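Residue numbers (our numbering), protein chains in the order written: chain A, 1 to 95; chain B, 101 to 195; chain C, 201 to 295; chain D, 301 to 395; chain E, 401 to 495.
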Amino acid sequence: MVFGMVVGTVVCSSRKDGTDGPRYLLVERTDPRGRRKGDHLVALDAVGAGHEELVLVSEGSPARETPSTVNRPFDALIVGIVDVVDGQEGILYKK
Amino acid sequence: MVFGMVVGTVVCSSRKDGTDGPRYLLVERTDPRGRRKGDHLVALDAVGAGHEELVLVSEGSPARETPSTVNRPFDALIVGIVDVVDGQEGILYKK
Amino acid sequence: MVFGMVVGTVVCSSRKDGTDGPRYLLVERTDPRGRRKGDHLVALDAVGAGHEELVLVSEGSPARETPSTVNRPFDALIVGIVDVVDGQEGILYKK
Amino acid sequence: MVFGMVVGTVVCSSRKDGTDGPRYLLVERTDPRGRRKGDHLVALDAVGAGHEELVLVSEGSPARETPSTVNRPFDALIVGIVDVVDGQEGILYKK
Amino acid sequence: MVFGMVVGTVVCSSRKDGTDGPRYLLVERTDPRGRRKGDHLVALDAVGAGHEELVLVSEGSPARETPSTVNRPFDALIVGIVDVVDGQEGILYKK
Numbered sequence: 001m002v003f004g005m006v007v008g009t010v011v012c013s014s015r016k017d018g019t020d021g022p023r024y025l026l027v028e029r030t031d032p033r034g035r036r037k038g039d040h041l042v043a044l045d046a047v048g049a050g051h052e053e054l055v056l057v058s059e060g061s062p063a064r065e066t067p068s069t070v071n072r073p074f075d076a077l078i079v080g081i082v083d084v085v086d087g088q089e090g091i092l093y094k095k
Numbered sequence: 101m102v103f104g105m106v107v108g109t110v111v112c113s114s115r116k117d118g119t120d121g122p123r124y125l126l127v128e129r130t131d132p133r134g135r136r137k138g139d140h141l142v143a144l145d146a147v148g149a150g151h152e153e154l155v156l157v158s159e160g161s162p163a164r165e166t167p168s169t170v171n172r173p174f175d176a177l178i179v180g181i182v183d184v185v186d187g188q189e190g191i192l193y194k195k
Numbered sequence: 201m202v203f204g205m206v207v208g209t210v211v212c213s214s215r216k217d218g219t220d221g222p223r224y225l226l227v228e229r230t231d232p233r234g235r236r237k238g239d240h241l242v243a244l245d246a247v248g249a250g251h252e253e254l255v256l257v258s259e260g261s262p263a264r265e266t267p268s269t270v271n272r273p274f275d276a277l278i279v280g281i282v283d284v285v286d287g288q289e290g291i292l293y294k295k
Numbered sequence: 301m302v303f304g305m306v307v308g309t310v311v312c313s314s315r316k317d318g319t320d321g322p323r324y325l326l327v328e329r330t331d332p333r334g335r336r337k338g339d340h341l342v343a344l345d346a347v348g349a350g351h352e353e354l355v356l357v358s359e360g361s362p363a364r365e366t367p368s369t370v371n372r373p374f375d376a377l378i379v380g381i382v383d384v385v386d387g388q389e390g391i392l393y394k395k
Numbered sequence: 401m402v403f404g405m406v407v408g409t410v411v412c413s414s415r416k417d418g419t420d421g422p423r424y425l426l427v428e429r430t431d432p433r434g435r436r437k438g439d440h441l442v443a444l445d446a447v448g449a450g451h452e453e454l455v456l457v458s459e460g461s462p463a464r465e466t467p468s469t470v471n472r473p474f475d476a477l478i479v480g481i482v483d484v485v486d487g488q489e490g491i492l493y494k495k
């Protein structure tokens with residue numbers, strides 16, 4: 001998993017089936033201290049993450065391993081909201 | 101998923117079975133504002149995306165998780181047409 | 201999928217089973233105009249591609265989704281021979 | 301698999317189900333000598349790795365191939381604790 | 401698949417089950433001529449590769465598609481020993 005910060009939302013339409021597509025979160029990659037890297041991805045949210053929260057994102061086919069994503073074409077999933085990152089020299093991040 | 105803009109089409113032939121291959125879209129990777137990065141990929145279109153539309157692309161094995169791509173050797177799929185990207189400081193992109 | 205040009209062949213032996221291994225094609229990654237990037241991969245050929253042909257390569261587990269590659273440890277497959285790449289400003293590549 | 305050093309722990313909450321999420325290890329990528337590269341990932345631990353131990357990390361969908369990770373959305377797993385890395389010119393790393 | 405040269409071995413212990421882990425090979429990525437790139441990975445060996453042999457490595461979930469790796473958390477597998485790489489301008493590598 002990689003660290004990311006929720007920095008926005010993405011609204012998509014899927015014209016093929018005439019319905020609105022799912023709602024996605026805009027995530028910016030960060031280091032373990034939550035410092036942003038300027039590189040973004042779009043992920044589904046499995047944990048109810050909010051704006052500016054540090055999250056863990058699982059990428060690739062593992063992202064399908066939840067009831068709401070199984071057998072759907074999603075390749076990134078927010079799997080946890082980070083409370084604490086504890087490094088060797090002390091706390092790197094605390095919510 | 102990653103952001104990309106549809107910038108063209110790719111016509112392929114698959115000589116092995118004597119038939120024309122599927123029609124692909126040429127996608128250039130972008131940032132969340134739709135600014136192009138100069139890096140391209142070729143994706144199948146599941147949503148009827150058109151030229152210069154900002155789309156979300158799912159990569160890797162999740163791209164097979166649609167009726168038209170299941171059990172076929174495709175590794176990139178357009179899963180949504182982006183309507184709005186809403187960032188912390190306001191709208192980043194609007195169709 | 202990504203663009204690549206067939207620039208050679210690779211002959212491998214698989215000592216374990218005493219038989220010769222499969223024949224692979226050497227592919228150099230290119231941009232949509234077929235300009236080479238100096239980065240290579242080795243792919244199986246599902247379409248009968250020849251030397252100096254521009255092809256589309258599917259990477260990762262989708263490469264197993266053909267009769268000849270299913271359940272075999274291959275991670276790159278040539279899925280099409282490019283005839284035309286049509287960009288916004290005109291033809292980028294024509295065979 | 302890639303080399304990494306265990307440099308911390310990550311505590312996550314998964315608000316959706318009201319329970320605490322799993323405990324993750326913070327891993328910094330290294331070269332075969334255990335020299336750190338400044339790039340981090342978060343992995344589940346299948347072998348009981350401890351702080352400052354050099355480990356092998358399996359990434360992507362193979363990370364699900366253990367009893368505790370099967371059908372769960374994890375994309376990185378510590379699969380072994382490195383005892384010795386033996387190179388052509390001698391020992392590169394010894395625990 | 402990518403090119404790599406076998407440059408060492410890695411011995412791991414898996415403390416969880418009290419047994420020694422599998423034996424891995426240290427592989428350095430190369431170009432098609434076998435010139436090393438300074439970037440390493442650790443792979444299982446399906447073909448009996450030896451030191452300083454040029455090999456093809458399959459990465460990701462396809463690495464599980466052999467009797468000894470199926471349903472196990474390995475993400476890199478040596479699938480062939482390279483005998484000849486034949487480029488447009490002649491032989492690039494010969495064993």
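By construction, the Cβ of each residue, glycine as well, lies at the ideal position given by its N, Cα and C atoms. The structure presented is a predicted model; accordingly, all values stated were derived computationally and were not measured.
Among the options, the one whose alpha carbon lies nearest that of residue i
{"i": "B/L177", "options": "B/V157, B/V184, B/R129, B/T109", "result": "B/V157"}
{"i": "D/G350", "options": "D/L392, D/S314, D/L326, D/P332", "result": "D/L326"}
{"i": "A/C12", "options": "B/V182, B/G104, B/E153, B/E128", "result": "B/V182"}
{"i": "A/G4", "options": "A/D75, A/A46, A/F74, A/K37", "result": "A/K37"}
{"i": "A/F74", "options": "A/V2, A/G8, A/I91, A/Y24", "result": "A/Y24"}
Residue interval of the beta strand (DSSP E) (run including residue i)
{"i": "A/M1", "result": "It is not in any beta strand (DSSP E) - A/M1 carries neither H nor E in the DSSP assignment."}
{"i": "B/G160", "result": "Neither: B/G160 is in no beta strand (DSSP E) and is coded neither H nor E."}
{"i": "E/H451", "result": "E/H451 -> no beta strand (DSSP E), and no H or E assigned at all."}
{"i": "E/G490", "result": "490 to 494"}
Alpha carbon of residue i to alpha carbon of residue j, nearest angstrom
{"i": "E/G418", "j": "E/G460", "result": "Interpretation of E/G418 is limited by its pLDDT of 45, a score under 50 that renders its predicted location unreliable; no figure is taken from the coordinates."}
{"i": "C/V247", "j": "B/S114", "result": "5 angstroms"}
{"i": "D/P332", "j": "C/I291", "result": "47 angstroms"}
{"i": "B/R135", "j": "E/E452", "result": "45 angstroms"}
{"i": "D/V379", "j": "D/V302", "result": "10 angstroms"}
{"i": "E/V407", "j": "A/V10", "result": "46 angstroms"}
{"i": "A/D45", "j": "A/V55", "result": "10 angstroms"}
{"i": "A/E28", "j": "E/K495", "result": "46 angstroms"}
{"i": "A/T30", "j": "D/T330", "result": "19 angstroms"}
{"i": "E/Y493", "j": "A/Y93", "result": "50 angstroms"}
Which residues DSSP lists as bridging residue i, in chain order
{"i": "E/V479", "result": "For E/V479, which the question treats as bridged, DSSP gives no partner whatsoever."}
{"i": "B/R129", "result": "B/G104"}
{"i": "B/D139", "result": "In DSSP, B/D139 forms no bridge with anything."}
{"i": "D/G387", "result": "D/G390, E/G408"}
Proximity test, residue i beta-carbon vs the ligand SAM heavy atom, cut-off 8 angstroms
{"i": "D/F303", "result": "As presented, the structure is devoid of all ligands, the ligand SAM included, so that no description of it is given."}
Three or more C-beta pairs below 8 angstroms linking the stretch 137 to 145 of chain B and the stretch 79 to 87 of chain A: Cβ pair count under 8 angstroms is below three, so no.
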